[in-house]
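Chemist: Numbering (the working numbering), first residue to last: 6 to 124.
Every residue, glycine too, gets a C-beta built ideally from N, C-alpha and C.
If you scroll down you'll find the structure; I have some questions about it.
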Ligand SMILES: [Zn+2]
């Protein structure tokens, strides 16, 4: 099965005025991305692709590409990508909660050890 269509998005670069090109290839229930930035060249998931799959339009170099971004995000719904993103955000939430619990426990320990509590 060949590529059914592809969309090119120009993504803002944080280090230069020249945008990167993110190519998005659609096949049946699959979407793949290739970004022209250094990380993308190394086949890493770069921030440009991450922002595009998150539907974050602040990454757009050309604000007129909102429609393309929307089209990508509609097509994403047929893939496992939203589920994987959810898995990440759930884990990030748990991580933040765990960090807060560690901080609280350290505070309690400090209070006990330094005898800061009013007895
Ligand atoms: Zn990139």
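1. Closest by CA to residue 28, which one among 13, 20, 80, 87?
2. State buried or exposed for residue 110, treating a residue as buried only when at least 16 other CB atoms are found within 10 Å of its CB.
3. Using a Cβ distance threshold of 8 Å, determine whether the stretch 17-37 contacts the stretch 88-101, with at least three qualifying pairs required.
4. With distance defined between alpha-carbon atoms, name the residue in 54, 41, 17, 11 nearest to residue 90.
5. Please list the segments of the alpha helix (DSSP H) lying wholly inside the stretch 33-94, counting only runs of 4 or more residues, in order along the chain.
6. Could you give the first and the last residue of the continuous beta strand (DSSP E) run that contains residue 13?
7. I need the straight-line Cα distance from residue 92 to residue 81, nearest angstrom please.
Modeler: Short version:
1. Ranking the options by Cα distance to residue 28, first place goes to 13.
2. It counts as exposed.
3. The stretch 17-37 vs the stretch 88-101: no contact.
4. Selected option, being the one with the closest Cα: 54.
5. If we require 4 residues or more, the alpha helix (DSSP H) runs fully inside the stretch 33-94 come out as 43-46, 52-58, 71-81.
6. Residues 10-16.
7. Rounded to the nearest angstrom, the two C-alpha atoms are 15 Å apart.
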